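**Q** Taken in order, these protein sequences are the chains called A and B. Residue numbering for the first sequence follows the working numbering, beginning at 517 and increasing consecutively. Residue numbering for the second sequence follows the working numbering, beginning at 239 and increasing consecutively. The C-beta atom is built at its ideal place from N, Cα and C for all residues, glycine as well. For clarity, every value in this text was computed on a predicted model and none was experimentally measured. Here's a structure for you.
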Amino acid sequence: MFSLSDDLGYVRFDVVLSRLAATAPTAPTIPTAPNNGGASSEEREANEHNSLSRVPAELLEQILCRLNLKENVRASAVCKQWLAASISVRVANKPPWLMFFPKFGDMVEFYDPSVRQTYSVELPELRGSRLCYAKDGWLLLYKPRTLSVFFFNPYTRDVINLPALELTYQIVAFSEAPTSPDCLVFTVKHVSPTLVAISTCNPGATEWTTANYQNRLPFVSSIWNKLVFCNGLFYCLSLTGWLGVYDPEEQTWLVRVVPPPRCPENFFVKNWWKGKFMAEHNGDIYVIYTCSTANPVIYKLDQINKIWVEMQTLGGLTLFASFLSSQARTDILGVMRNSIYFSKVRFYGRRCISYSVDHDRYYPRKQCYDWGEQDPFESIWIDAPPDLSAFN
Amino acid sequence: MASSSKTEQKKMLILKSSEEEEFEIEESIAVQSGTIKNMVEDDFTLIPLPNVDTETLIKIIKYMKKHGEKTKSNEKDIEEFDKEFVKKSFTELKELVLAANYLHITSLIDLLCQAFADRIKNKSVKAIREIFGIPNDFTPEEEAEVYEQHKWAHEEGKEHIDHSAY
């Protein structure tokens, strides 16, 4: 039988490809296979030196596009054809940008951590307001003077108003972009250790819906709590690390029987309760505990075993931590993987302060970072803009 | 020439492998191949396939026959077939994907490319070169640059990197 394999069992692609090249797909041709069914020895010898033993480019791209970023990058080291093909199909995610809220005036600054570049734009729409939350490219803001609550897209400058609500001492979050019909805004207010008042609203509603809920376990709702929306539920992490969960569909509020993450002793120093961050990614909840005398510790919620698990590695994930809301990304090229990016930039060197989980250290290296000391309303991570047109 | 005006006879085609072996197949099944479809539209009933050897052609015909009888109820059955179909050596898979590409059988190309991706994802760079018979055409400097640029992807880390070429 005619064999396309050489003695070692490897396919002689060069033989196959030269045949492919010789035949136009839409016209029948007289078969040109050798008579005796085997490659002649001269042919073989010629092909030995032929470096055309490659899969055609379009097939290669079809294979490579099914690899994740890390696998894609590894494949690019095989040979030049693979390098070109892998680059052409490579999909890497963009990290979020850090938005700096002006203390005076209207000049808002945006920092892109991937190129360490800052952009500014005047946004008078934000005058007199305070940051509350960021998600899916939108900000939620509150004006204490008028009790006005509104969504703002800092790139398109679109505004979506919500009914007024007194939110001065409360945390508030939302489930997704306000342009989505399922967007829900959520806030929880402390009434007593056993009672909370939960208000919800969706864009287009004329008023907020408020109801009281019992805490079966003591739960303190304060402005130091953290909120994320995950798998259809709002998760609220209290000062002491307990989780309260609101189900908007069932309209229930439960304090989960999940013991708070175990912190090392030295975490209970000044500001220990402030230096916490919570993020969500693909249905998983991550909490970062920081303190000025130790490296950050990351916990992931194991929903099945109802326990927080300390993460020794992030498996390629990058967390972007800011006080009011945090973000997570996978598949970012290069050094940003397996790190926490904090909401502070050292303008000397334009470097965002980050902590590498792989190398157990901060960049830039410093004795201690007290994240509890930071002004919670001064900066927030927000999705990158699709282009730079907002800054011209 | 086949003509089926009187009976319900299905139109048959003959596919001829590179070793000149002939296989009869229903036209309705064979036109899952875009290449064959084009030839049929040009009125050919004997389809020479000089790029496809007999062994590979037999497998492809088996695939087309199975997928030709796809209905709403046998989806699971076909999934199982596809799963078993790709349990082949790299050599066989390579033959198949080149043939499927030449024959323009989209579903088979997808199936085989995914199988390749799954099989090479944990392989070392050297193993991939062996499997595909690809020589390293980087200069030492170029190769060093490729590794340096994305060091993080080549570190073994917590994953196991497979160095075997099977």
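Counting only Cβ pairs nearer than 7 Å, list the residues of chain A close to residue 335(B).
**A** Ordered by position in chain A, the residues that pass the 7 Å Cβ test against residue 335(B) are 575.
**Q** Between which two residues does the alpha helix (DSSP H) carrying residue 348(B) extend?
**A** 344-358 is the extent of the alpha helix (DSSP H) around residue 348(B).
**Q** Could you please give the first and the last residue of the uninterrupted beta strand (DSSP E) stretch that includes residue 390(B)?
**A** Where residue 390(B) is concerned, there is no enclosing beta strand (DSSP E), although the alpha helix (DSSP H) it sits in stretches over 389-392.
**Q** Where does residue 743(A) fall in DSSP's three states?
**A** Residue 743(A) falls in the strand class under three-state DSSP.
**Q** By Cβ distance below 6 Å, which residues in the same chain neighbour residue 646(A) in space, the five residues on each side in sequence not counted?
**A** Excluding residues within five positions, the ones whose Cβ falls inside 6 Å are 658 and 893.
**Q** If you follow the beta strand (DSSP E) that residue 260(B) is in, where does it begin and where does it stop?
**A** Element bounds for residue 260(B): 260-264.
**Q** Closest to residue 713(A) by CA distance: which of 676(A), 686(A), 733(A) and 878(A) is it?
**A** Closest option to residue 713(A), Cα to Cα, is 686(A).
**Q** Return the residues of the segment 367-378 of chain B that lie within a Cβ-Cβ distance of less than 9 Å from chain A, sorted by chain order.
**A** Here the close residues are 367, 368, 369, 370, 371, 372, 373, 374, 375 and 376.
**Q** So the beta strand (DSSP E) residue 401(B) belongs to, where does it begin and stop?
**A** Unbroken run through residue 401(B): none, as it is neither H nor E.
**Q** Please list, in chain order, the chain A residues whose beta carbon lies closer than 8 Å to that of residue 352(B).
**A** Residues of chain A passing the Cβ test: 582.
**Q** Mind checking whether residue 810(A) and residue 780(A) have CB atoms under 8 Å apart?
**A** Taking 8 Å as the Cβ cut-off, residue 810(A) and residue 780(A) qualify as a contacting pair.
**Q** Give the residues of chain B in contact with residue 826(A), contact being defined as C-beta atoms less than 7 Å apart.
**A** The contacting residues do not exist; residue 826(A) stays about 15 Å from chain B at best.
**Q** Identify which residue in 599(A), 691(A) and 753(A) has its Cα closest to the Cα of residue 738(A).
**A** When only C-alpha atoms are compared, the closest one is 753(A).
**Q** Name the one or two DSSP bridge partners that residue 805(A) has.
**A** Answer is 792(A) and 813(A), bridged to residue 805(A).
**Q** Pick from 373(B), 367(B), 402(B) and 256(B): whose alpha carbon is nearest that of residue 285(B)?
**A** It is 256(B).
**Q** Tell me, please, whether the CB atom of residue 727(A) is closer than 8 Å to any CB atom in chain B?
**A** Not one chain B Cβ lies under 8 Å of residue 727(A).
**Q** Please confirm whether residue 301(B) has its beta-carbon closer than 8 Å to some beta-carbon of chain A.
**A** Answer no: the Cβ-Cβ gap between residue 301(B) and chain A never drops below 8 Å.
**Q** Give the residues of chain A in contact with residue 388(B), contact being defined as C-beta atoms less than 9 Å apart.
**A** Per Cβ cutoff of 9 Å: 586, 589, 590, 592, 593, 849 and 850.
**Q** Which residues, in chain order, does the segment 794-822 of chain A contribute to contact with chain B at a C-beta distance below 7 Å?
**A** From the segment 794-822 of chain A, no residue has a Cβ closer than 7 Å to chain B.
**Q** Express the C-alpha separation of residue 730(A) and residue 886(A) in angstroms, rounding to a whole number.
**A** Using only the alpha carbons, I get a separation of about 34 Å.
**Q** State the CB to CB distance for the pair residue 842(A) and residue 906(A), rounded to an integer number of angstroms; the pair is presumed to be in contact (CB under 8 Å).
**A** Wrong, their Cβ atoms sit about 23 Å apart, outside the cutoff.
**Q** Please report whether the beta-carbon of residue 619(A) lies at a distance below 8 Å from any beta-carbon of chain B.
**A** It does not: the Cβ of residue 619(A) has no partner Cβ on chain B nearer than 8 Å.
**Q** Is residue 890(A) helix, strand or coil by DSSP?
**A** Three-state result, residue 890(A): coil.
**Q** Going by other Cβ atoms of all chains shown within 10 Å of its Cβ, with 16 needed for buried, is residue 247(B) buried or exposed?
**A** Classification for residue 247(B): exposed.
**Q** Under 9 Å between beta-carbons, which chain A residues line up against residue 268(B)? List them in chain order, please.
**A** Residues of chain A passing the Cβ test: none, with the nearest at roughly 14 Å.
**Q** Span of the alpha helix (DSSP H) holding residue 863(A)?
**A** Residue 863(A) -> no alpha helix (DSSP H), and no H or E assigned at all.
**Q** Since I believe residue 268(B) is in contact with residue 405(B) (beta carbons under 8 Å), could you give me their beta-carbon distance rounded to a whole number of angstroms?
**A** An answer regarding residue 405(B) cannot be provided, because it is not within the stretch 239 to 404 covered by chain B.
**Q** Starting from residue 843(A), follow the beta strand (DSSP E) in both directions and report where the run begins and ends.
**A** Segment 843-845, the beta strand (DSSP E) holding residue 843(A).
**Q** In its own chain, which residues sit with a C-beta less than 6 Å from the C-beta of residue 899(A), not counting the 5 before and 5 after it?
**A** Cβ neighbours of residue 899(A) beyond the five flanking positions: 612 and 653.
**Q** Can you give me, in chain order, the residues of the segment 756-781 of chain A that have a beta carbon less than 7 Å from any beta carbon in chain B?
**A** The residues in question: there are none.
**Q** Would you call the segment 675-690 of chain A and the segment 700-713 of chain A in contact, with 3 or more CB pairs under 8 Å?
**A** Yes: at least three Cβ pairs fall under 8 Å.
**Q** Could you say if the segment 660-679 of chain A and the segment 717-737 of chain A meet the contact criterion of at least three C-beta pairs nearer than 8 Å?
**A** The segment 660-679 of chain A is in contact with the segment 717-737 of chain A.
**Q** Would you verify that the beta carbon of residue 363(B) is, or is not, closer than 8 Å to some beta carbon of chain A?
**A** Yes, its Cβ sits closer than 8 Å to a Cβ of chain A.
**Q** Mind listing the chain B neighbours of residue 853(A)? Cutoff is C-beta to C-beta under 8 Å, in chain order.
**A** By Cβ distance, chain B contributes 390.
**Q** Contact between the segment 273-280 of chain B and the segment 345-361 of chain B is defined here as three or more beta-carbon pairs at a separation below 8 Å; is this criterion met?
**A** Short answer: they don't touch.
**Q** If the criterion is Cβ atoms closer than 8 Å, does the pair residue 299(B) and residue 323(B) meet it?
**A** In this structure, residue 323(B) does not lie closer than 8 Å to residue 299(B) by Cβ.
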